[in-house]
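Top line first, the protein sequences correspond to chains E and W. FYI, in my numbering the residues of the first sequence are 1 to 115. FYI, in my numbering the residues of the second sequence are 1 to 112.
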Amino acid sequence: KAGVTQTPRYLIKTRGQQVTLSCSPISGHRSVSWYQQTPGQGLQFLFEYFSETQRNKGNFPGRFSGRQFSNSRSEMNVSTLELGDSALYLCASSPQDRLMRDTQYFGPGTRLTVL
Amino acid sequence: GEDVEQSLFLSVREGDSSVINCTYTDSSSTYLYWYKQEPGAGLQLLTYIFSNMDMKQDQRLTVLLNKKDKHLSLRIADTQTGDSAIYFCAERFTGGGNKLTFGTGTQLKVEL
């Protein structure tokens, strides 16, 4: 099976703009989670989607949002970008089956730079 | 509460064993994971352990869990230069859905 894919891999934006990142989970996986990785804060959970519904949310401002489509693909959006939003954004999918229920498999990430 | 701590750096010689340690504070954690991150890459799942287990072995990897002390360790036998990376432990606690709480990461450097 193909792994988790994320597009684009690299992105440069300026302050005040908005950005949309895309994630395609492993085939058959129904849960998609998003994480932000920065040198200062480390890896932090943004949100999780399952069956097109946000099931869990981290401690991030409302500028960060996401959605999931019926094919389990997910997008996250950041509006009114700030310099501090520069980070590696990682997407993870999990099968939600009985054997490996919630183990998360990560994509390569999208490197966002805000100038 | 949610707090996962790791030492920042570990240096070993090729062929030696590496032991990476992690402490966590949430006693209701049900799953504990080890991930590896190489430069410029995402996270690679190495192994995981259920909280009702004490030990799990998978080829060169051995995970030990001490629930009393809330201590998790990852031992890599016969460490190779390709093992140089950042290693993260992560916990998923009961009632937290699929949210993972990660440690700060341990930079493992393997020297010849």
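Cβ coordinates follow ideal geometry from the N, Cα and C atoms, glycine included. Keep in mind it's a predicted model, so treat the numbers as computed, not measured.
{"Query": "Simplified DSSP assignment, three categories, for threonine 81 of chain W", "Result": "helix"}
{"Query": "Contact list for lysine 99 of chain W against chain E, beta-carbon separation under 8 Å", "Result": "Ser33, Phe45, Glu48, Asn56 and Gly58"}
{"Query": "Glycine 66 of chain E versus lysine 68 of chain W - alpha carbon distance", "Result": "38 Å"}
{"Query": "Counterpart residues of asparagine 52 of chain W in DSSP-defined beta bridges", "Result": "DSSP output for asparagine 52 of chain W lists no bridge partner at all."}
{"Query": "Distance, leucine 21 of chain E Cα to threonine 14 of chain E Cα", "Result": "15 Å"}
{"Query": "Residue environment, serine 74 of chain E, which counts as buried when at least 16 other CB atoms sit within 10 Å", "Result": "buried"}
{"Query": "Nonlocal neighbours in the same chain, by C-beta distance under 7 Å from valine 110 of chain W, ignoring five residues either side", "Result": "Val12, Glu14, Thr79, Gln80, Thr81, Asp83 and Ser84"}
{"Query": "Distance, isoleucine 86 of chain W Cα to glutamate 38 of chain W Cα", "Result": "6 Å"}
{"Query": "Closest by C-alpha distance to leucine 108 of chain W, when choosing among W:Arg75, W:Thr101 and W:Phe93", "Result": "W:Arg75"}
{"Query": "Residues near glycine 105 of chain W by beta carbon distance below 8 Å, same chain, minus five either side", "Result": "Gln6, Leu8, Gln37, Ile86, Tyr87 and Phe88"}
{"Query": "N-terminal and C-terminal residue of the beta strand (DSSP E) that histidine 71 of chain W is part of", "Result": "71-76"}
{"Query": "Enclosing beta strand (DSSP E) for valine 63 of chain W [first to last residue]", "Result": "61-66"}
{"Query": "CB contact check: threonine 103 of chain E to chain W, cutoff 8 Å", "Result": "yes"}
{"Query": "Own chain residues within Cβ distance below 8 Å of asparagine 98 of chain W, not counting five before or after", "Result": "Arg92"}
{"Query": "Contact set between alanine 41 of chain W and chain E, taken where Cβ atoms lie within less than 8 Å", "Result": "Pro108 and Gly109"}
{"Query": "For proline 39 of chain E and glutamine 18 of chain E, the rounded distance between their alpha carbons", "Result": "22 Å"}
{"Query": "Given glutamine 54 of chain E as reference, the closest of E:Leu83, E:Trp34 and E:Gln41 once Cα atoms are compared", "Result": "E:Trp34"}
{"Query": "Residues of the stretch 79-94 of chain W with Cβ closer than 9 Å to any Cβ of chain E, in chain order", "Result": "Phe88, Ala90 and Arg92"}
{"Query": "Minimum Cβ-Cβ distance from leucine 112 of chain E to chain W less than 8 Å", "Result": "no"}
{"Query": "Residue-chain proximity (isoleucine 102 of chain W, chain E), Cβ-Cβ < 8 Å", "Result": "Inspection of the sequence shows that residue 102 of chain W is occupied by phenylalanine rather than by isoleucine. Cβ-Cβ to chain E under 8 Å: yes for phenylalanine 102 of chain W."}
{"Query": "Identity of the residue in E:Ser51, E:Asn77, E:Lys57 and E:Thr113 nearest arginine 63 of chain E by Cα", "Result": "E:Asn77"}
{"Query": "Own chain, CB closer than 6 Å to serine 72 of chain E, minus 5 neighbours either side, in chain order", "Result": "Pro25 and Arg30"}
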